[in-house]
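See below for the structure under consideration.
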Amino acid sequence: MSKKAAKSVSIENDPRYQTLVDLREQMAAQIRTLSSTSLSANKQPGEEMADVGSDDFLRETELAVMDGEAQRLNKIDAALKRLKEGSYGVCTDCGKDISEGRLAAKPYAGLCIDCKSAQEAVTGGAMPDQSRRRRQFVR
Ligand SMILES: [Zn+2]
2 MSKKAAKSVS IENDPRYQTL VDLREQMAAQ IRTLSSTSLS ANKQPGEEMA DVGSDDFLRE
62 TELAVMDGEA QRLNKIDAAL KRLKEGSYGV CTDCGKDISE GRLAAKPYAG LCIDCKSAQE
122 AVTGGAMPDQ SRRRRQFVR
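So for the sequence shown, this note's numbering puts the first residue at 2; every next one is plus one.
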C-alpha cells in the first residue's frame with residue numbers, strides 16, 4: 002500500500018508523538034495495575050459482612066481513579082489523532098494555538114486555556130456553592 006500523501010511527515014520521529022506514546026503507555030500500565038488490585042481483592046466468606054462498607058468505598062475510589070485514567074487515555078488517543086492530522090496544538094473549540102507551556106504540562110490538551118476555563122465554569126467541577134444556590138431556587 003502506498004502512502005497517500007507525499008507531503009505527510011512520519012510522526013514517529015516527532016518528539017511530541019514520543020511524549021504522547023510514552024504517556025499513553027504509563028496510563029495503560031496504571032489502569033492495568035488498578036484493575037488487577039481490584040480483582041485480587043477477594044475476601045474470605047466470613048469477612049464479607051464486617052468490612053463491606055470500607056471495601057465498597059475503596060472500590061469506588063479505585064473505579065473513579067480508573068475512570069479518570071481512562072478518560073485521559075482517550076484524550077491522549079485524540080491528541081495522537083490530531084498529531085497525525087496536523088491539527089495538534091490547536092484548540093479544538095476556538096481554533097487558536099494552545100500555548101507551549103500548556104502543552105508542556107498537558108501534552109494531550111485539546112483546548113486552549115481560555116476554552117478550558119470556560120468549560121470548567123460550565124461543568125462546575127469545583128463550584129459546589131453554585132449548585133447549592135440553584136437547588137434552593139428549584140425548591
Ligand atoms: Zn480555545
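Where a beta carbon is used, it is the ideal one built from N, C-alpha and C, also for glycine. No experiment lies behind these values; they were computed from the predicted model shown.
- Message: Taking the straight line between their C-alpha atoms, what separation do you get for residue 129 and residue 122?
- Response: As a working mapping, residue 129 is identified with position 128 in the sequence shown. As a working mapping, residue 122 is identified with position 121 in the sequence shown. Confidence is the limiting factor: at residue 129 the pLDDT is only 48, short of 50, which leaves the residue's position unreliable, though a coordinate-based value still follows. Distance between the alpha carbons of residue 129 and residue 122 is about 11 Å.
- Among 98, 93, 30, which has the Cα closest to the Cα of residue 79? Mapped onto the sequence shown, residue 79 falls at position 78. Cα-wise, what sits closest to residue 79 is 93.
- Query: For the alpha helix (DSSP H) that contains residue 115, what are its first and last residues?
  - Reply: Your numbering for residue 115 matches position 114 in the sequence shown. Where residue 115 is concerned, the enclosing alpha helix (DSSP H) stretches over 114-124.
- Query: Any idea what DSSP makes of residue 94, helix, strand or coil?
  - Reply: On the sequence shown, position 93 is the one that residue 94 refers to. Correct three-state label for residue 94: coil.
- Considering only the beta carbon of each residue, do residue 63 and residue 35 sit closer than 7 Å? Position 62 of the sequence shown holds residue 63. Position 34 of the sequence shown holds residue 35. Cβ atoms of residue 63 and residue 35: closer than 7 Å.
- Start-to-end residues for the alpha helix (DSSP H) that takes in residue 110: For this step, residue 110 is matched to residue 109 along the sequence shown. Counting along the chain, residue 110 falls outside any alpha helix (DSSP H), and DSSP gives it neither H nor E.
- Message: Suppose contacts are defined by Cβ-Cβ distances below 7 Å. Is residue 112 in contact with residue 77 by that definition?
- Response: Numbered from its first residue, the sequence shown carries residue 112 at position 111. Numbered from its first residue, the sequence shown carries residue 77 at position 76. No, Cβ-Cβ distance for residue 112 and residue 77 is not below 7 Å.
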